[in-house]
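In my numbering, the protein residues as written are -4 to 122. The block underneath contains the structure these notes are about, expressed in structure tokens.
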């Protein structure tokens, strides 16, 4: 039945966590689908196997699921490729944010601001 999962030991059905409609275990990170009758916690994160009221900044709501931002984005907004922060961990520690995109270096006619942001030069400047 929904909201239960089979216990492999004694083959009884055990209850899912309250946020899950279907699950593989009793903990909140064992959800397979969210409880449709709980509208405040019906957003599913397939990577975390959890149900919540929203997505973390590293993911974007697509339908009723959280989807990870573009691989270079630490955070995104509006679309999976519109970065609001770049992933500066390990391999990507050099990335800078410019117009919603993570870049290796600031483009021509831009300069680096604190916070690893590239900003356009004022039109009165030569470079």
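The beta carbon of each residue, even a glycine, is placed where N, CA and C say it ideally should be. Only a predicted model underlies this, so the values are computations on that prediction, with no experimental measurement involved.
Check                                                                                                      : Outcome
CA-to-CA distance, residue 107 to residue 44, given in whole angstroms                                     : 39 angstroms
Close beta carbons around residue 31, own chain, < 7 angstroms, minus the five adjacent residues each side : 16 and 37
Supposed close pair residue 81, residue 90 - CB separation, criterion 8 angstroms                          : 4 angstroms
Per-residue burial, residue 48 [other beta carbons within 10 Å of its own, 16 or more giving buried]       : exposed
For residue 47, three-class secondary structure by DSSP                                                    : strand
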